[in-house]
Ligand SMILES: Nc1ncnc2c1ncn2[C@@H]1O[C@H](COP(=O)(O)OP(=O)(O)OP(=O)(O)O)[C@@H](O)[C@H]1O
Ligand SMILES: [Mg+2]
């Protein structure tokens, strides 16, 4: 009889997480058609946003808080960042919960939240790969305006980007918990997307929002996925203010991650793996 | 013997939402839901020693899958105690995971869009499977289950039977101490079923695995297990060796004799008296056929002797009720359940 295996410590389990990441990347590259379709839809919604703003600037450009060039640089960067930080795990996990396939995920010796994070990271790495291409195209049209304001701004942006991923993933993961109760991922997916579209700063910098919406947006984590990193990148916030924003981002990121952990524990307590 | 798992007074009830029929019912359901409690498992108690091979059977809806889900830690029991390899499954699911292997017949654990072999490699890394263990199980799987030609195929291109074979291999790759198989042969053709049973038996013997299998194909159990648990509406109806099961429920054995000439009434009468003293009973004597039923094990030689003495026999057969018949009879009869 073989002796029992003792539980893996964190460094022993790293190999497993990397193996997950590796295979998720491979799977991502296998679905080219879906990638192209996603890109096309994203580009379409971006085009609409740009057209609307273009119209606004033609009507009364000078009175706005941001110059036309800055606005378009912002929108382009926001679009690329949004594309890079698109995570598709909620649909996937929702489906697995509905069909009871989640059982096999839960039976693995790895932490579920962390292994889903590798999946999310794979989505983001893959999307960034595509996103770089888009950025190159945008650069051709907008030139130097989309370069970071300064090396310092870029440095802060890198930190902010990591935190943006953490916030985004934690939001997605928290929303996924809903699927453990509803046994369907769609409604949850749709509501998260709606909130994200409204409050992340994808369609306009939050600073241009009317007071009420701005207040709501400021109390929600979605701003830290796009608005915060882009503003830091553009040097619209610098120094102490930038550091304060990074702190806020980190609080949201780690806080939501922890919330996801506890929500999952609670959800599993009442989970009924569907199907006999 | 050290216990692999113990279950004490284990129960599970589900809340089932009652839906009213029709669209109107569905709309009403949005505002007020009524729930009904389904008691899937009611006060189970049993324990299984390390290295034991146990089959869990019961009618559809008897609570087999529910029991396995609790033992593997993916659902939380509503009452009672359970322990697997010293862990409380639902609390310590992840620690337990390294030492158990699970197949839920209907749920593939293979990754959908990559070739089978890559899933194997992934599992090898994830479970930190020692090379010798990996090679032993992997080699056996290739050989016994004929996986060789499937290794480079993405899982989504496999047929059900092919996938199930790969899935079984994947679940046993880390030679876990305890293996739970929920209908591992569902939907397989007869020859693949044989392959699967052979593989399970081999790996079990090689690593001294503790085995708990649920199935509706009793051959899975007679060929791989020694012990049987019979679940009926969430309760344990029988727990013991397969032999004891047959003795308890299939005590009726028969001797069927074919005679040279039709059996006359007087001869039948005489035989009846003679076998009666040796614990037998003539239950049929018509034409060329005589059937003697008995219950005591070991009574057959004496009874056969009597039959051969009294009748001119051309052929003689011993019949035992097979396990399928017994089980069918139990599922049908309410008396047995009471
Ligand atoms: N998620 C669930 N919600 C409500 N009731 C459930 C749920 N899962 C199972 N049940 C009920 O619990 C009982 C036991 O189900 P279980 O799946 O354990 O049966 P089983 O013995 O595995 O049956 P089968 O041989 O058909 O697989 C059934 O009456 C079933 O309807
Ligand atoms: Mg079942």
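Chains as they are written, first to last, in our numbering: chain P, 229 to 504; chain F, 669 to 1006. Cβ coordinates follow ideal geometry from the N, Cα and C atoms, glycine included. Keep in mind the model is a prediction, meaning the values are calculated, not measured.
Got a sec? Which residues, its chain only, sit under 6 Å from residue i by beta carbon, not counting five neighbours each side?
i, result
"residue 905(F)", "898"
"residue 420(P)", "403"
"residue 1006(F)", "Since pLDDT at residue 1006(F) reaches only 46, below the 50 mark, its modelled position is unreliable, and the value read off the structure follows with that caveat. The answer is none, since no qualifying residue turns up."
"residue 583(P)", "No information on residue 583(P) is available, as it lies outside the stretch 229 to 504 that chain P covers here."
Is the beta carbon of residue j closer than 7 Å to that of residue i?
i, j, result
"residue 452(P)", "residue 395(P)", "yes"
"residue 736(F)", "residue 913(F)", "no"
"residue 677(F)", "residue 731(F)", "no"
"residue 943(F)", "residue 952(F)", "no"
"residue 833(F)", "residue 866(F)", "no"
"residue 310(P)", "residue 351(P)", "no"
"residue 391(P)", "residue 306(P)", "no"
"residue 838(F)", "residue 787(F)", "yes"
"residue 329(P)", "residue 831(F)", "no"
"residue 235(P)", "residue 915(F)", "no"
"residue 949(F)", "residue 964(F)", "no"
"residue 675(F)", "residue 703(F)", "no"
"residue 247(P)", "residue 794(F)", "yes"
"residue 808(F)", "residue 870(F)", "yes"
"residue 868(F)", "residue 892(F)", "yes"
"residue 967(F)", "residue 947(F)", "yes"
"residue 923(F)", "residue 971(F)", "yes"
"residue 397(P)", "residue 312(P)", "no"
Determine, for residue i, whether the minimum Cβ-Cβ distance to residues of chain A falls below 7 Å.
i, result
"residue 332(P)", "The structure shown contains no chain A; its protein chains are P and F."
Using three-state DSSP, classify residue i as helix, strand or coil.
i, result
"residue 256(P)", "helix"
"residue 996(F)", "helix"
"residue 489(P)", "helix"
"residue 760(F)", "coil"
"residue 1003(F)", "Caution is warranted here: a pLDDT of 47 is assigned to residue 1003(F), below 50, making its placement in the model unreliable, and the coordinate value is therefore given only provisionally. It is coil, neither helix nor strand."
"residue 423(P)", "helix"
"residue 671(F)", "strand"
"residue 730(F)", "coil"
"residue 676(F)", "strand"
"residue 311(P)", "helix"
"residue 888(F)", "helix"
"residue 715(F)", "strand"
"residue 961(F)", "strand"
"residue 416(P)", "helix"
"residue 769(F)", "strand"
"residue 458(P)", "helix"
"residue 825(F)", "helix"
"residue 849(F)", "strand"
Can you find a CB in chain P that lies within less than 7 Å of the CB of residue i?
i, result
"residue 714(F)", "no"
"residue 1006(F)", "Here the model assigns residue 1006(F) a pLDDT of 46, short of 50, so the residue's position is not dependable and the matter cannot be decided."
"residue 682(F)", "yes"
"residue 875(F)", "yes"
"residue 762(F)", "yes"
"residue 707(F)", "no"
"residue 781(F)", "yes"
"residue 793(F)", "yes"
"residue 872(F)", "no"
Once you ignore the five residues that flank residue i on each side, which residues in its own chain have a CB closer than 8 Å to its CB?
i, result
"residue 285(P)", "292, 296 and 299"
"residue 333(P)", "324, 340 and 343"
"residue 863(F)", "812, 813, 814 and 833"
"residue 835(F)", "771, 776, 777 and 778"
"residue 781(F)", "822, 823 and 824"
Return yes when the C-beta of residue i is under 6 Å from any heavy atom of ligand 1, and no when it is not.
i, result
"residue 500(P)", "yes"
"residue 331(P)", "no"
"residue 706(F)", "yes"
"residue 922(F)", "no"
"residue 729(F)", "yes"
"residue 411(P)", "no"
"residue 775(F)", "no"
"residue 682(F)", "yes"
Kindly indicate if chain F contains any beta-carbon less than 7 Å away from that of residue i.
i, result
"residue 406(P)", "no"
"residue 469(P)", "no"
"residue 279(P)", "no"
"residue 500(P)", "yes"
"residue 229(P)", "yes"
"residue 296(P)", "no"
"residue 251(P)", "yes"
"residue 342(P)", "no"
Closer than 6 Å: is that where the CB of residue i sits relative to any heavy atom of ligand 2?
i, result
"residue 732(F)", "yes"
Could you pull out every residue in the same chain whose Cβ sits closer than 7 Å to the Cβ of residue i, ignoring the five residues on either side in sequence?
i, result
"residue 710(F)", "679, 902 and 903"
"residue 497(P)", "none"
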